[in-house]
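So the protein sequences, as listed, match chains A and Y. With the first sequence counted from 1, adding 861 to any position gets you our numbering. With the second sequence counted from 1, adding 171 to any position gets you our numbering. Here's the structure we're looking at; comments come further down.
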Amino acid sequence: MQKRLFGILASVAIIVAACGGATASSAPPASTEPGASAPAETSAPPASASNLAADQTLNVTAQGEPPTLDPNKAQDSNSITILRGLTRGLVYFDKDLKVVPGLATSWDISADAKTLTFHLRDAKYSNGDPIVAGDFIYSIKRLIDPRTAAPYSYVTAEIDGAPDLLAMAGADPAPSDATIQAALDKLGVSAPDDKTVVIKLNTPASYFLTALTLWVFVPIQEKWITSPNATEAGNYVSSGPFVLDSWQHNTELTLKPNPNWWGDVKPTLTTLNFFLRSDLTADQAAFEAGELDMVQTPSPDIQRVMADPVLGPEVQQIPNFSITYYTYNNFQDSKLKSFKTPGPTANKDFRIALTQSIDKQAFIDATFAGVGAVANSFVMPGIPGYQPDLDPYPFDLASAKDHMTKALAALGKSSAADLGKLKFGFNTGAGHEPRVAFLAEAWRQAFGLETEQIGSDFSVFLTQRTAGQYDLARDGWGADYPHANNQLNGLFTCHGGNNDSQYCNPDFDALIKQAAAEPDQDKQVALYNQAQTILMNDAAILPLRYAVTTYEVAPYVSGITSTGSDSVSPGELFWETIQILNH
Amino acid sequence: MITYVVRRILWIIPVLFTVSIITFMLMHSVPGGPWDRDKRLPEGVQARLNAQYGLDQPLYAQYINWAGGFVQGNLGPSYRYQDRTVNNIVADGIATTFQLGVMAFILAVLVGIPLGILAALGHNRWPDYLSTSISIVGISTPSFVLAILLIVLFGVELRWFPTSGWKSPPYWVLPTIALAGFPIAQIARYTRASMLEVTRKDYIRTAQSKGLRDRAVVVRHMVRNALIPVVTILGPILAFLVTGSFIIETIFAIPGVGRYYITAIGTRDYSLLMAMTMLYAFAVAFMNVVVDVLYAYIDPRIRYS
Chain A
862 MQKRLFGILA SVAIIVAACG GATASSAPPA STEPGASAPA ETSAPPASAS NLAADQTLNV
922 TAQGEPPTLD PNKAQDSNSI TILRGLTRGL VYFDKDLKVV PGLATSWDIS ADAKTLTFHL
982 RDAKYSNGDP IVAGDFIYSI KRLIDPRTAA PYSYVTAEID GAPDLLAMAG ADPAPSDATI
1042 QAALDKLGVS APDDKTVVIK LNTPASYFLT ALTLWVFVPI QEKWITSPNA TEAGNYVSSG
1102 PFVLDSWQHN TELTLKPNPN WWGDVKPTLT TLNFFLRSDL TADQAAFEAG ELDMVQTPSP
1162 DIQRVMADPV LGPEVQQIPN FSITYYTYNN FQDSKLKSFK TPGPTANKDF RIALTQSIDK
1222 QAFIDATFAG VGAVANSFVM PGIPGYQPDL DPYPFDLASA KDHMTKALAA LGKSSAADLG
1282 KLKFGFNTGA GHEPRVAFLA EAWRQAFGLE TEQIGSDFSV FLTQRTAGQY DLARDGWGAD
1342 YPHANNQLNG LFTCHGGNND SQYCNPDFDA LIKQAAAEPD QDKQVALYNQ AQTILMNDAA
1402 ILPLRYAVTT YEVAPYVSGI TSTGSDSVSP GELFWETIQI LNH
Chain Y
172 MITYVVRRIL WIIPVLFTVS IITFMLMHSV PGGPWDRDKR LPEGVQARLN AQYGLDQPLY
232 AQYINWAGGF VQGNLGPSYR YQDRTVNNIV ADGIATTFQL GVMAFILAVL VGIPLGILAA
292 LGHNRWPDYL STSISIVGIS TPSFVLAILL IVLFGVELRW FPTSGWKSPP YWVLPTIALA
352 GFPIAQIARY TRASMLEVTR KDYIRTAQSK GLRDRAVVVR HMVRNALIPV VTILGPILAF
412 LVTGSFIIET IFAIPGVGRY YITAIGTRDY SLLMAMTMLY AFAVAFMNVV VDVLYAYIDP
472 RIRYS
């Protein structure tokens, strides 16, 4: 007890930090993983009826109040973990994150790879209405419609006619309703009959099928979503294995099995409760008190939990598709943003020196309790395009010092201390402090380089990072869907929407463009590999760690199908396969 | 008296107006906006959202819009919880927050005042040391430490109470104690100091020399007079408690409104932040009026006309 008490107290400081950072949850790794089983196979041994508990109630956490349960508008992991139980789209994942049939039983891809035709199964919503092709068309149009202002509208960019609509979102003056409607009418989606959905693309995009597994593409009934309080309990129309039974805002949300669920695996759970609290430490206490059946272990508790004779065996560590990295400000080009003068990080030798002076395993051991895998490039393991051997600048202090000498000569300085303090930005209250300190100290020891560590509130930090006001900044990325396009395009292309490193290399951009238009999967991966190799050779960023999430799961919870797309609970893509054993 | 009360209550209006202007300006002078995400929203989408919520208008126009809605009881949309209005969010949680605050207040008064009296009566003897130690621990222990300690001890180890939630009376116990910890200490210290002050007054000596029983001296003369300054701080304490606590509500997963006061700042949820500030400002201003009125009853020398 004393040990546990101490462990929990040790994390108190983190809670306070986390309280401040509670707003920071970014789009979760939308899964693109291959996790959902085609409705028939589960990874866990099927429990026989005799060892099932009488009470099939599972208590989990959503780690916060879901900002919305409107599938087209959702973007936070708190919402998505619940939406995975409430909705299903045309296609879904199997447990290996391969794309498998969902509401579409089959699909045809035209020879030019630009027309996808889906054939729907007979299925009903929770309200008894049939799920028809028109509901998919309505949902996609609503997602793109600038009037919806959906955060994930950009995933539709490959649909024929979508770029015009996406451009209208920020147009000044705002386009009239008639203009928008005309563009929507021309959009390349149609329902020739109730059982067929046709999607025309403006470019061959093999990754689009994977993108269709996203929660934003699920069928939506117009009469439902336009009704008042549509997303509240009692009104919610579900296309997934569960229905929304109750939602006490900020406290608890309960799902029950959907009597009209069309999938082959029917939920065994009779009640799925989500706690809506955003405090991992309190969740951990609730797990230890038996009130939660699974929980994400807070970082400060990981070592204590692993060493605990009871909790230790309940730990599951699951890699997920996200990366911890730090950006160098690559700014070279006066056309970019507001950053006027290139800093030392614009010098490639300087970036190489900083990269080579970091022992990434030591970083992970010291600041992530040793949980996670060393990252040397950006596309994550498990995603086609991952390059395990790409590591142009491994940890090597001697080489780092050589590069620093070259960089200083080019910058006209005699020592790194003469550069003054580099601006090193991060957001406070989210546990980044020790990591920033680790890196700053490593650079100080290696080169005598001083940094000014600027911790800001999340919004302030984002604003300044976007504007290029830091030399170095904390960063991270979670895959929306498991495809190299989602990891490179827009993040490192010139002027890309998420290009925090101000990186701009026309060779890289050309390869990304070429890859997007390449229908052959293998050739496409080769092109993405070439592009990523350029990026890493330029030392544009400092990749550090591929994420692994530590969960604890009570021993009586069976049938969990965990995937790299899990971000709040293990197996959240397949709530319907989970069972409670006798205990 | 009635005129006085009415005038004081009317004075709350300009106070709220001033608070709203200052908050509004401070809030908008901080960089960032409600659509900031680690994964950036496309600029077009941000522009569209700004237009939809009127955030593209000049500040004065935004303020007038907000104030116009506020006067009519419309607190505006929530930017973070887009399917819900601020009215909705406040209406959902205010009763819970109020209930928790009042329970903590009652506990703080019932424990704090006797603790302070006890300390003063046993001045420089063990009751004083005991009470002072409790107060010092209470003052210096942050509520989140107390909350986690209570959860670990009574929720995880002893399993007497649930660790979180707000379903039935057993769920109320730990949050109420955690929230009352600080005010108990505050009230006890105030009461003790005030009692010690009163003990030295002439009228106490007079009462004692008249041969009044100790009990009568303490209850009728000392406590009654010592409580006047204590009442002054009870007002703000109650205002503070009934508008909720971010830490306590978050840690115990209580469906109140207190947590929004902090989260709304981080998410730049402007209308929610305005609503919470107004709520708190009103509670403080109103409790000050109540305290002033109470003086008249406790202290016969005070009369309003």
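By construction, the Cβ of each residue, glycine as well, lies at the ideal position given by its N, Cα and C atoms.
Query - Interface residues of chain A facing residue 337 of chain Y [CB-CB closer than 7 Å] - result: If you number the second sequence from 1, residue 337 of chain Y lands on position 166. Under the 7 Å cutoff, chain A gives 1112.
Query raised in the report: chain Y partners of residue 928 of chain A, CB-CB under 8 Å?
Result: For this step, residue 928 of chain A is matched to residue 67 along the first sequence. Residues of chain Y passing the Cβ test: 251, 252, 253.
**Report entry** Residues of the region 301-313 of chain Y whose Cβ lies closer than 7 Å to any Cβ of chain A, in chain order
**Finding:** none
Query raised in the report: So, helix, strand or coil for residue 1008 of chain A, using DSSP?
Result: Translated into the one-based positions of the first sequence, residue 1008 of chain A becomes position 147. Three-state result, residue 1008 of chain A: coil.
Query raised in the report: Going by C-alpha distance, which of Y:359, Y:180, Y:449, Y:238 is nearest residue 397 of chain Y?
Result: As a first step, residue 397 of chain Y must be located in the second sequence, where it is residue number 226. Of the listed residues, the one whose Cα sits closest to residue 397 of chain Y is Y:359.
Query raised in the report: With a cut-off of 8 Å, does the C-beta of residue 1031 of chain A fall near any C-beta of chain Y?
Result: By one-based count along the first sequence, residue 1031 of chain A stands at place 170. Taking Cβ atoms only, chain Y reaches closer than 8 Å to residue 1031 of chain A, which makes this a yes.
Report task. Go through its chain and collect everything with a Cβ distance to residue 470 of chain Y's Cβ below 6 Å, but skip five positions before and after it. Result -> Residue numbering aside, residue 470 of chain Y sits at position 299 when the second sequence is read from its first letter. The residues are 399.
Query raised in the report: Is the Cβ of residue 1354 of chain A closer than 8 Å to any Cβ of chain Y?
Result: Here the question's residue 1354 of chain A lines up with position 493 in the first sequence. Not one chain Y Cβ lies under 8 Å of residue 1354 of chain A.
Query - Range covered by the beta strand (DSSP E) that runs through residue 967 of chain A - result: The residue given as residue 967 of chain A occupies position 106 in the first sequence. Counting along the chain, the beta strand (DSSP E) containing residue 967 of chain A begins and ends at 965-970.
Query raised in the report: Per DSSP, residue 1186 of chain A forms a beta bridge with which residues?
Result: Position 325 of the first sequence, counting from 1, holds the residue named residue 1186 of chain A. Partner(s): A:1336, A:1404.
Query raised in the report: Do three or more CB pairs link the region 949-958 of chain A to the region 1167-1176 of chain A at distances below 8 Å?
Result: no
Requested in this report: Report the three-state DSSP secondary structure of residue 1052 of chain A (helix, strand or coil).
Outcome: Taking the first sequence and counting its residues from 1, one reaches residue 1052 of chain A at position 191. Looking at residue 1052 of chain A - three-state DSSP - the assignment turns out to be strand.
Query - Below-8 Å beta-carbon distance, residue 214 of chain Y vs any chain A residue - result: Within the second sequence, the letter at position 43 stands for residue 214 of chain Y. Closer than 8 Å: yes.
Query raised in the report: Name the residues in the region 192-216 of chain Y whose C-beta lies less than 9 Å from a C-beta of chain A; which are they?
Result: Those would be 201, 202, 203, 204, 205, 206, 207, 208, 209, 210, 211, 212, 213, 214, 215, 216, in chain order.
Query - Residues that residue 1319 of chain A contacts on chain Y, provided the C-beta gap is smaller than 9 Å - result: If you number the first sequence from 1, residue 1319 of chain A lands on position 458. Chain Y residues near residue 1319 of chain A: 203, 207, 209, 437, 438.
**Report entry** Residues within the region 1115-1146 of chain A neighbouring chain Y, beta-carbon criterion of under 9 Å
**Finding:** Cβ contacts with chain Y: 1136, 1137, 1138, 1139, 1140, 1142, 1143, 1144, 1146.
Report task. Would you decide whether residue 1174 of chain A is buried or exposed? Buried here means 16 or more other CB atoms lie within 10 Å of its CB. Result -> Against the first sequence, residue 1174 of chain A aligns to sequence position 313. Exposed.
Query - Whole-angstrom C-beta distance between residue 264 of chain Y and residue 1090 of chain A, which should lie under 8 Å - result: Against the first sequence, residue 1090 of chain A aligns to sequence position 229. Against the second sequence, residue 264 of chain Y aligns to sequence position 93. 17 Å between Cβ atoms; not a contact.
Query raised in the report: Looking only at DSSP bridge pairs, what is residue 404 of chain Y linked to?
Result: In the second sequence, counting from the first residue as 1, residue 404 of chain Y sits at position 233. Its beta-bridge partners do not exist; DSSP assigns none.
Requested in this report: Could you say which of A:1347, A:1100, A:980, A:1005 lies nearest to residue 943 of chain A if we only look at CA atoms?
Outcome: Against the first sequence, residue 943 of chain A aligns to sequence position 82. Answer by Cα proximity: A:1100.
Query raised in the report: Which value, in whole angstroms, describes the spacing of the CA atoms of residue 1407 of chain A and residue 1185 of chain A?
Result: Here residue 1407 of chain A is taken as the residue at index 546 of the first sequence, counted from 1. Here residue 1185 of chain A is taken as the residue at index 324 of the first sequence, counted from 1. If I take the Cα positions, the gap works out to 6 Å.
Query raised in the report: Since residue 222 of chain Y meets chain A, which of its residues come closer than 7 Å, beta carbon to beta carbon?
Result: Position 51 of the second sequence, counting from 1, holds the residue named residue 222 of chain Y. In chain order: 1035.
Requested in this report: Check the Cβ-Cβ distances between residue 352 of chain Y and every residue of chain A, and say whether any is below 8 Å.
Outcome: As a working note, residue 352 of chain Y is residue 181 in the second sequence. Not closer than 8 Å to any Cβ of chain A, the Cβ of residue 352 of chain Y fails to qualify, so no.
Query raised in the report: Starting from residue 1315 of chain A and walking both ways along the beta strand (DSSP E), at which residues does that stretch end?
Result: Walking along the first sequence from the start, residue 1315 of chain A turns up at place 454. Per DSSP, residue 1315 of chain A belongs to the beta strand (DSSP E) from 1312-1317.
Query raised in the report: For residue 1411 of chain A, is the classification buried or exposed, using 16 other Cβ atoms within 10 angstroms of its Cβ as the cut-off for buried?
Result: Within the first sequence, residue 1411 of chain A is the residue found at index 550, counting from 1. Classification for residue 1411 of chain A: buried.
**Report entry** Beta bridge counterpart(s) of residue 1155 of chain A as assigned by DSSP
**Finding:** For this step, residue 1155 of chain A is matched to residue 294 along the first sequence. A:1414.
**Report entry** Inter-stretch contact at 8 Å, needing at least 3 Cβ pairs: the region 1338-1345 of chain A / the region 223-236 of chain Y
**Finding:** no
Report task. Check whether the Cβ of residue 264 of chain Y lies closer than 8 Å to any Cβ atom in chain A. Result -> In the second sequence, residue 264 of chain Y corresponds to position 93, counting from 1. Chain A contact via Cβ: present.
Query - Proximity winner among A:983, A:1252, A:1317, A:1210, relative to residue 1267 of chain A (alpha-carbon distances) - result: Numbered from 1 along the first sequence, position 406 holds the residue referred to as residue 1267 of chain A. Closest by alpha carbon: A:1210.
Query raised in the report: By DSSP, does residue 980 of chain A sit in helix, in strand, or in coil?
Result: Here the question's residue 980 of chain A lines up with position 119 in the first sequence. It is a strand residue.
Query raised in the report: If we ignore side chains and look at the alpha-carbon of each, how far apart do residue 999 of chain A and residue 1402 of chain A end up?
Result: What you label residue 999 of chain A is simply residue 138 of the first sequence in a count that begins at 1. What you label residue 1402 of chain A is simply residue 541 of the first sequence in a count that begins at 1. Those two C-alpha atoms are separated by around 40 Å.
Query raised in the report: What's the gap between the Cα of residue 342 of chain Y and the Cα of residue 274 of chain Y?
Result: As a working mapping, residue 342 of chain Y is identified with position 171 in the second sequence. As a working mapping, residue 274 of chain Y is identified with position 103 in the second sequence. Taking the straight line from one Cα to the other gives about 13 Å.
Query - Alpha carbon of residue 395 of chain Y to alpha carbon of residue 452 of chain Y, nearest angstrom - result: Indexing the second sequence from 1 puts residue 395 of chain Y at position 224. Indexing the second sequence from 1 puts residue 452 of chain Y at position 281. When rounded, the distance between both Cα atoms is 30 Å.
Report task. Please list the residues of the region 997-1018 of chain A that have a C-beta atom closer than 8 Å to any C-beta atom in chain Y, keeping them in chain order. Result -> 1007, 1008, 1010, 1011, 1012, 1014, 1015
Query raised in the report: Any idea what DSSP makes of residue 1267 of chain A, helix, strand or coil?
Result: Translated into positions along the first sequence, residue 1267 of chain A becomes position 406. In the structure shown, residue 1267 of chain A sits in a helix (DSSP, three-state: H, G or I).
Report task. Within the same chain, show all residues whose beta-carbon is closer than 6 Å to that of residue 1072 of chain A, passing over the 5 residues directly before and after it, in chain order. Result -> Numbered from 1 along the first sequence, position 211 holds the residue referred to as residue 1072 of chain A. Cβ within range, chain order: 1016, 1342.
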